[in-house]
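Using this note's numbering, you'd call the opening residue of the sequence shown number 509 and step up by one each time. Note that CB positions come from ideal geometry on N, CA and C, so glycine has one too. Just so you know, these numbers come straight off a predicted model, no measurement behind them. To keep things clear, I will list the structure first and then write my remarks on it.
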Amino acid sequence: MEYPAENIFDLKEYIQHNVMALDGILKFLLPKDRVFFKLFIQAGELLEKGGQRLVELAQTVPGPDRDRIIQEIDDLEHEGDDVTHHIFVQLNTNFITPLDREDIQELAKSVDDVLDHINLSAYCLNMYNLTDLPPEYLPLARNIASSTSLIREALVLLKDRKNVKAIQEICVRINSLENEADGLFVGGMSRLFREEKDPIHLVRQKETLIALELATDMAENVANVLETITIKFA
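Take a look at the structure:
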């Protein structure tokens, strides 16, 4: 048997080199479950904080406190973008993933979209210089906050395929919340066009309600992606 080495020291170096190369290949091929699930949990925690801050915002009068909360939500949105970017980086550097690649991508994007629209809902207050909020703002904010808490819970459960039923039940609850939000939105729009006489104020409040309603739609999108993933678990 021939070795590509002239002496025992060269042989030892040759073996070590090939073992290190094999180790690198294995690290590339083996799925890094903990990395992806850890990042999803981080994304869920940021999202839940965004929902909580939105409720605080709805209960805060114009002034420094309102401005501070709006900035906090914006900061959370930027942190969420960083986590989403990190997930995409991991997708590009791992050959095998714990979930289908397209599902990881869609889930990361859909969670990020919710936080983006929470940020938009908060930004509307400054953008439109709203001193008085639509009466539907607080109940819609609470609706969104409930959905974000459920999403965080589902993302924590995602690491274990035994949690399929629990995740599916959460998805049903998120869908129910979105239906409730639709009712609040339609009622608010009807009230606005029935009662509001100032066209500029009407447009400002309408756009604010639309931003909130879109956030609930984005939360439902997360539930839809999670349901797709659980079907593949079965």
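- Going by DSSP, residue 633 is part of the alpha helix (DSSP H) stretching over 609-635.
- The alpha carbon of residue 683 has as its nearest neighbour, out of 723, 670 and 712, the alpha carbon of 723.
- Cβ-Cβ distances below 6 Å link residue 656 to 555, 556 and 559 in the same chain, with the five nearest sequence neighbours on each side left out; the list follows chain order.
- Straight across, the Cα-Cα distance linking residue 688 with residue 660 is about 20 Å.
- The DSSP-derived three-state label of residue 674 is helix.
- In the DSSP assignment, residue 600 falls within the unbroken alpha helix (DSSP H) covering 572-601.
- Annotated as distal: residue 692 and residue 714, with beta-carbon spacing of 8 Å or more.
- Short of 8 Å from the beta carbon of residue 589, and not among the five residues preceding or following it, lie these beta carbons of its own chain, in chain order: 620.
- Within the same chain, and ignoring the five residues on either side of residue 623 in sequence, the residues whose Cβ sits closer than 6 Å to its Cβ are 555, 558, 585 and 588.
- Counting other Cβ atoms within 10 Å of its Cβ, residue 566 reaches 16 or more and is therefore classed as buried.
- DSSP places residue 739 in the uninterrupted alpha helix (DSSP H) bounded by 707-741.
- For the pair residue 695 and residue 614, the CB atoms are not nearer than the 8 Å cut-off.
- In the structure shown, residue 644 adopts coil according to DSSP, grouped into three states.
- It is roughly 37 Å from the alpha-carbon of residue 730 to the alpha-carbon of residue 705.
- Taking residue 641 as the centre and dropping the five residues before and after it, the same chain places the C-beta of 566 closer than 7 Å to its C-beta, in chain order.
- Excluding sequence positions up to five before and after residue 582, its CB lies within less than 8 Å of the CB of 627, 630 and 631, all in the same chain and listed in chain order.
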